[in-house]
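Trainee: First, the structure itself, so that you have it in front of you.
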Amino acid sequence: MMSVTISVVETINLRKTYLLGKVPVNALQGVNLKVESGDFIAVLGPSGSGKSTLLNLIGALDKPTEGKMLIESVDVSTLNDNQLADLRRRIGFVFQFFNLIPRFTAIENVELSMTISGLSKAERRKRAEDLLETVGLRERMNHKPAELSGGEQQRVAIARALANNPKFLLMDEPTGNIDSKTASEIIGLIKRLNEEKAVTIIMVTHDQRLAGQSKRIVQMFDGLIVQEVVN
Amino acid sequence: MRAQDILSFSFSAIKLRKLRAGLTTLGVVIGIAAIVALLSITQGLQDTITRQLQTGFATDTLIVSTGGGFGLGAQGGVGAADSGFKLFVNDTQTINEIENVSMSMAIIQKVGYVQFGGKNRTTTIVGVDFAEYANIYSSTFVAESGDIPLNPENDTVVVGQRVSDPWKNRTLFCYVNDNVEIIWTNATARPSKNVTYTGHVAAVLKEIGGFGVGPSDSSVYIPISQAQSFFGTDECDMIIVKLKNDDKTTIDSVSKVIKEAFSNEASVTSATAVLNILSSVFSIIQLFLGGIAAISLLVAGIGIMNIMIVSLMERTREIGILKALGMKSRTVLLVFLCESVIIGLMGAAIGIASGWVLANVVSVAFASFSGGGGPFMGNQATGTIRMTITPVLTPTVFLGALAFGVGVSVIFALYPAWRASKLKPVEALRYE
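For the protein sequence lines, the chains are A and B, in the order given. Here our numbering is used: the first residue of the first sequence is 104, the next is one more, and so on. Here our numbering is used: the first residue of the second sequence is 114, the next is one more, and so on.
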């Protein structure tokens, strides 16, 4: 099957082994996954099934032991440290624990990824305001993370992830640390981003409701994809 | 990432830990302050001594003496073995014939007493040709009261400021027109005996301060012919040679010719040579003191390393976030180095300022300590060391201290910054 469009993400027989103390752990044992532009994939699976490892590899935060990790057909393992950093700027990461910088305000946190990319103060301020508008937090932009609720913090994190027009969003349990009511808002926001702004999303979750909103559900077990369901 | 963004990022990290950063900065402040204070005081001391030597020891003169080495004191050589060589008053004739010599004059000096109103003062009795002496030391052999006669009578006496006013409070020991007894103990006679004559004070010199081989505040000056007959000798202690210019080549060639004329027995000293030796001695002192102070800066550097490593551990997760957002390792390194540069720069700036204040406080304390010491009895060597030190902060010391402060900070931050930059994003993000 030849595809005209280039896959945003393609993993070929991806394996990752790391040492837990002295015991080697086979976190991934040959994962093949293709993600096309505009996809919304939910990765489900029990703890230790390799979901987070897969996400870290796709996010170019880690390198595979074996196999190929292609992002827009570029083999990540051929990139040097600087090229990896450049690549990460174009990947939007959303973490379970938000990972905002506590001493910065909401808008400064959103600006941070653009600061790293070298945008001017005026440019990034303007864009950060727009992004906070999109996630519905414009009026809270001068609050520090400690003054924001979990859901608000996660919305700041999503705004930050979107700042550099990423190729795709990687979400690691985005609602895992938020109460269920706020989680629904976040779910709505994520779905809207995918539908209205055509943002490609790869998401690890335990949340059945959130998984139900995705276009494709990938079930993992013991470092392997055991089932793929198209919603 | 833009330079100003790196800077403001580093600033925000420092602001978060004000107390800790403040204490670390204090370490740098103390180190730099110590260096600046010590070096600027030493520099001030050197300048003071050099200036005083230059006034008391004109640069276009040579001192010919019997001693072996150079001597700052009027007595000539320090610890020179006695070769039996003697200089005589009429040796000036030989010297005057040398090319580039403008003139020369002999000096005979002995430790003796002046007596007036039943009181004695120890002094150095110096026999000189008044006209020639005034010519060579035109800025210091100058009368404050009375006149220095160019063709003095045998009993004419010119006294230094401290002989006239020993306690610096206008309680005068003697003054112009007083008749004083000049007393000298001839220790070579058997039995030793005091010789004495009555002199007439024609002038009191203006205050000279400092020290050197020129006129001094605590000496008494009598005509050279009178000295010859009074001391019963034609032997002189030194001959002062005035050159036609103070070029190095002139100084060297005349020195050489004079030495040869006296079969290499005479010691010829030039102001330039003394100043050179002095300046190299001071360089060593500065290096030594600066080195001691530098140790404290080294301790400060370890403090910086310590705070940076702690900061690195606390911010491991933050570094993970930054790297996940696409910050380059090099930028992480720069952020950390920048923090230490800020600390080093602030420390150095405050350190230089406080070192300068410290130096001035010390010099004021030193001046009041040495200046309030009351009258100095005795001869020239102890009687005139009384000076104020004005600390001097040279641009070299200023820039050097700044560079050193920043340099130490950067060097000690290199390792922590390198470690921060090498953190793997996945591991850093997992760090609690």
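We put the CB at the ideal spot given by N, CA and C, even for glycine.
Enumerate in chain order the residues of its own chain whose CB-to-CB distance from GLY326(A) is below 6 Å, with the five nearest sequence positions on each side excluded.
Mentor: As a position in the first sequence, residue 326(A) is number 223, starting the count at 1. Only ASN129, ALA130, LEU131, GLN132, GLY153 meet the Cβ criterion.
Trainee: Quick test of your reading: THR179(B) and PHE198(B), contact by CB under 8 Å. State the CB separation rounded to the nearest angstrom.
Mentor: On the second sequence, residue 179(B) is found 66 positions in, with the first residue counted as 1. On the second sequence, residue 198(B) is found 85 positions in, with the first residue counted as 1. 5 Å between Cβ atoms; contact.
Trainee: Which runs of the beta strand (DSSP E) at least 3 residues long sit entirely within the region 283-345 of chain B? Give them in chain order.
Mentor: 292-299, 306-318, 332-336
Trainee: In three-state terms, what does DSSP make of GLU348(B)?
Mentor: Position 235 of the second sequence, counted from the first residue, corresponds to residue 348(B). In the structure shown, GLU348(B) sits in a strand (DSSP, three-state: E or B).
Trainee: So, is the C-beta of GLY221(A) closer than 9 Å to a C-beta in chain B?
Mentor: Here the question's residue 221(A) lines up with position 118 in the first sequence. The Cβ of GLY221(A) sits closer than 9 Å to at least one Cβ of chain B.
Trainee: What residue range does the alpha helix (DSSP H) around GLN257(A) cover?
Mentor: Locating residue 257(A) in the first sequence gives position 154, counting from the first residue. Unbroken alpha helix (DSSP H) run through GLN257(A): 253-265.
Trainee: Look at the Cβ atom of ARG263(A), then the Cβ atom of LEU203(A), and state whether they are nearer than 9 Å.
Mentor: The residue you call residue 263(A) lines up with position 160 of the first sequence. The residue you call residue 203(A) lines up with position 100 of the first sequence. Taking C-beta atoms as the reference points, ARG263(A) and LEU203(A) count as a pair closer than 9 Å.
Trainee: With respect to the alpha helix (DSSP H) encompassing PHE201(A), which residues constitute its N-terminal and C-terminal limits?
Mentor: Reading the first sequence from its first residue, position 98 is the one you call residue 201(A). Counting along the chain, PHE201(A) falls outside any alpha helix (DSSP H), and DSSP gives it neither H nor E.
Trainee: For GLY239(A) and LYS284(A), what's the separation of their Cα atoms in angstroms?
Mentor: Here residue 239(A) corresponds to residue number 136 of the first sequence, with the count starting at 1. Here residue 284(A) corresponds to residue number 181 of the first sequence, with the count starting at 1. When rounded, the distance between both Cα atoms is 16 Å.
Trainee: Would you kindly report the start and end of the unbroken beta strand (DSSP E) that includes PHE229(B)?
Mentor: Along the second sequence, one-based indexing puts residue 229(B) at 116. Counted as a single uninterrupted DSSP element, the beta strand (DSSP E) harbouring PHE229(B) occupies residues 214-229.
Trainee: Along the beta strand (DSSP E) that carries LEU273(A), what are the first and last residues, could you check?
Mentor: Against the first sequence, residue 273(A) aligns to sequence position 170. It spans 271-275 - the beta strand (DSSP E) in which LEU273(A) sits, taken as one unbroken run.
Trainee: Going straight from the alpha carbon of GLU288(A) to that of GLU331(A), what length do you get?
Mentor: Looking up residue 288(A) in the first sequence gives position 185. Looking up residue 331(A) in the first sequence gives position 228. One C-alpha to the other measures close to 26 Å.
Trainee: Just by C-beta distance, which residues in the region 418-440 of chain B are closer than 9 Å to chain A?
Mentor: ARG430, GLU431, GLY433, ILE434, LEU435, LYS436, ALA437, LEU438, GLY439, MET440
Trainee: Does any C-beta atom of chain A lie closer than 9 Å to the C-beta of LEU129(B)?
Mentor: Position 16 of the second sequence, counted from the first residue, corresponds to residue 129(B). Closer than 9 Å: yes.
Trainee: How many angstroms separate the CA atom of SER121(B) from the CA atom of ILE434(B)?
Mentor: Position 8 of the second sequence, counting from 1, holds the residue named residue 121(B). Position 321 of the second sequence, counting from 1, holds the residue named residue 434(B). Taking the Cα positions, SER121(B) is about 18 Å away from ILE434(B).
Trainee: Determine the DSSP secondary structure at TYR246(B), reduced to helix, strand or coil.
Mentor: Residue 246(B) sits at position 133 when you count from the first residue of the second sequence. Of the three classes helix, strand and coil, the one that applies to TYR246(B) here is helix, per DSSP.
Trainee: Terminal residues of the continuous alpha helix (DSSP H) containing ASN135(A)?
Mentor: Along the first sequence, read from residue 1 onward, the residue named residue 135(A) stands at position 32. Unbroken run through ASN135(A) is the beta strand (DSSP E), 126-138; no alpha helix (DSSP H).
Trainee: Which residue from SER331(B), TRP469(B), THR237(B), THR253(B) puts its Cα closest to that of THR80(B)?
Mentor: With chain B covering 114 to 545 only, the question about residue 80(B) has no answer from this structure.
Trainee: Assign TYR528(B) to one of three DSSP states: helix, strand, or coil.
Mentor: For the purposes of this step, residue 528(B) is taken as residue 415 along the second sequence, with counting starting at 1. TYR528(B): helix per DSSP, three-state reduction.
Trainee: What is the DSSP secondary structure of ARG234(B), counted as helix, strand or coil?
Mentor: On the second sequence, position 121 is the one that residue 234(B) refers to. In the structure shown, ARG234(B) falls within a strand segment according to DSSP collapsed to helix, strand and coil.
Trainee: Does ALA532(B) get closer than 9 Å to chain A when you measure Cβ to Cβ?
Mentor: Numbered from 1 along the second sequence, position 419 holds the residue referred to as residue 532(B). The identity of residue 532(B) in the sequence shown is Arg, whereas the question assumes Ala. With 9 Å as the cut-off, ARG532(B) does not count as an interface residue toward chain A.
Trainee: Quick check: the Cα distance between LEU542(B) and LEU129(B), rounded to an integer number of angstroms?
Mentor: Position 429 of the second sequence, counted from the start, is the residue given in the question as residue 542(B). Position 16 of the second sequence, counted from the start, is the residue given in the question as residue 129(B). Distance from the CA atom of LEU542(B) to the CA atom of LEU129(B), rounded to whole angstroms, is 21 Å.
Trainee: Quick one: which chain A residues come within Cβ less than 7 Å of ARG115(B)?
Mentor: Residue numbering aside, residue 115(B) sits at position 2 when the second sequence is read from its first letter. By Cβ distance, chain A contributes GLY221.
Trainee: Does the region 421-435 of chain B come within contact of the region 458-474 of chain B, defined as at least 3 CB pairs closer than 8 Å?
Mentor: No, the region 421-435 of chain B is not in contact with the region 458-474 of chain B.
Trainee: Run down chain A in chain order and give the residues with a C-beta less than 8 Å from the C-beta of VAL448(B).
Mentor: As a working note, residue 448(B) is residue 335 in the second sequence. Those do not exist, as VAL448(B) stays about 11 Å from chain A at its closest Cβ, beyond 8 Å.
Trainee: Please list the residues of the region 176-191 of chain A that have a C-beta atom closer than 7 Å to any C-beta atom in chain B, keeping them in chain order.
Mentor: ASP184, ASN185, ALA188, ASP189, ARG191
Trainee: Could you name the residues of chain A that SER123(B) contacts, counting a contact when the two beta carbons are closer than 8 Å?
Mentor: On the second sequence, residue 123(B) is found 10 positions in, with the first residue counted as 1. Per Cβ cutoff of 8 Å: no residues; SER123(B) is ~12 Å from chain A at best.
Trainee: With the cut-off set at 9 Å, would you say LEU296(A) and LEU272(A) are in Cβ contact?
Mentor: Position 193 of the first sequence holds residue 296(A). Position 169 of the first sequence holds residue 272(A). Going by C-beta atoms, LEU296(A) is nearer than 9 Å to LEU272(A).
Trainee: Rounded C-beta distance between ALA134(B) and ILE145(B)? I'm assuming under 8 Å.
Mentor: In the second sequence, the residue the question calls residue 134(B) occupies position 21. In the second sequence, the residue the question calls residue 145(B) occupies position 32. About 16 Å separates the two Cβ atoms, so there is no contact after all.
Trainee: By alpha-carbon positions, which one of ILE194(A), GLY151(A), LEU147(A), ALA231(A) ends up nearest to THR120(A)?
Mentor: The residue you call residue 120(A) lines up with position 17 of the first sequence. Nearest to THR120(A) by alpha-carbon distance, out of ILE194(A), GLY151(A), LEU147(A), ALA231(A), is GLY151(A).
Trainee: Which chain A residues sit within Cβ distance under 7 Å of ASP118(B)?
Mentor: Along the second sequence, read from residue 1 onward, the residue named residue 118(B) stands at position 5. Near ASP118(B) (Cβ distances below 7 Å), the residues of chain A are THR218.
Trainee: Answer yes or no: does any C-beta atom of chain A fall closer than 9 Å to that of LEU542(B)?
Mentor: Position 429 of the second sequence, counted from the first residue, corresponds to residue 542(B). Closer than 9 Å to some Cβ of chain A, the Cβ of LEU542(B) qualifies, so yes.
Trainee: To the nearest angstrom, how far is it from the Cα of SER123(B) to the Cα of LEU447(B)?
Mentor: Taking the first residue of the second sequence as 1, we reach residue 123(B) at position 10. Taking the first residue of the second sequence as 1, we reach residue 447(B) at position 334. Approximately 9 Å between the Cα atoms of the pair.
Trainee: Within the continuous alpha helix (DSSP H) that includes LEU175(B), where are the two ends?
Mentor: What you label residue 175(B) is simply residue 62 of the second sequence in a count that begins at 1. First-last for LEU175(B): 174-178, but that is the beta strand (DSSP E), not the alpha helix (DSSP H).
Trainee: What residues of chain B sit near ARG206(A), judged by a beta carbon separation below 7 Å?
Mentor: Start at 1 with the first residue of the first sequence, and residue 206(A) comes out as number 103. Simply SER125, LEU129.
Trainee: If you run the structure through DSSP and keep just helix, strand and coil, what is ASN377(B)?
Mentor: Taking the first residue of the second sequence as position 1, residue 377(B) is located at position 264. Of the three classes helix, strand and coil, the one that applies to ASN377(B) here is coil, per DSSP.
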